[in-house]
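Written out below as structure tokens is the structure these notes cover.
Shown next, in the form of structure tokens:
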């Protein structure tokens, strides 16, 4: 997953806003997100720091196609969370109740989501986009069903298909 796009989803900034705080241009951010330019690790760390975030290298097993697609959907969900946090968090909390009734075997992860949903939205987004194996497990029981409308979800799938 693209680190600049992920960072922008977590902090809820437009390309122009991120460029302004990072001291670069909006076209540079767009080039990083589209893959036309590859940012160095130093650039990613600098841009993240300018947005009030930190980046840490992560090494682990490669994601499966399904895991990459789930992460792409959650990047879009993080954008919705930034735009309308109260509504998104309330929907997620309601979904956890429904999920508990339907699948008691997932209680440990649902309890973790309960705790995560008490955090500020920027930290919820950060946990939602965690690329680690634990983050992948959390996304398997995501409480964010119904956040993306059909049009947005289809756009994510189209973009994912062309990028994969």
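Residue numbers (the working numbering): 777 to 940. All C-beta atoms in this analysis are idealised placements derived from N, C-alpha and C, irrespective of residue type, glycine included. Quick caveat: nothing in here was measured; it's all calculated off a predicted structure.
Measure from the alpha carbon of residue i to the alpha carbon of each residue in the options, then state which is nearest.
| i | options | result |
| --- | --- | --- |
| residue 897 | 845, 857, 832, 785 | 857 |
| residue 832 | 800, 808, 902, 843 | 902 |
| residue 756 | 862, 784, 923, 912 | This structure leaves residue 756 out entirely; the chain is present only between 777 and 940. |
| residue 806 | 828, 821, 783 | 783 |
| residue 938 | 924, 845, 864, 873 | 845 |
| residue 900 | 829, 808, 926, 786 | 786 |
| residue 911 | 929, 936, 834, 872 | 834 |
| residue 812 | 778, 827, 830 | 778 |
| residue 815 | 780, 839, 828 | 780 |
Enumerate in chain order the residues of its own chain whose CB-to-CB distance from residue i is below 6 Å, with the five nearest sequence positions on each side excluded.
| i | result |
| --- | --- |
| residue 868 | 893, 919, 920 |
| residue 792 | 802 |
Got a sec, what are the start and stop residues for the alpha helix (DSSP H) residue i sits in?
| i | result |
| --- | --- |
| residue 872 | 861-878 |
| residue 732 | The structure shown does not extend to residue 732, since the chain is modelled only from 777 to 940, so the question has no answer here. |
| residue 782 | 779-787 |
| residue 825 | 817-826 |
| residue 904 | 897-904 |
| residue 928 | 926-939 |
| residue 797 | 791-798 |
| residue 894 | Looking at the DSSP string, residue 894 is not in any alpha helix (DSSP H), and its letter there is neither H nor E. |
For residue i, collect the residues of the same chain with a Cβ closer than 8 Å to its Cβ; drop the 5 residues on either side in sequence, then sort them by chain order.
| i | result |
| --- | --- |
| residue 801 | 795 |
| residue 888 | 914 |
Residues in its own chain within less than 7 Å of residue i by CB, not counting five upstream and five downstream?
| i | result |
| --- | --- |
| residue 885 | 913, 914, 917 |
Hey, would you say the C-beta of residue i is under 7 Å away from at least one heavy atom of the ligand MG?
| i | result |
| --- | --- |
| residue 920 | Among the components of this structure there are no ligands whatsoever, and the ligand MG is therefore not found. |
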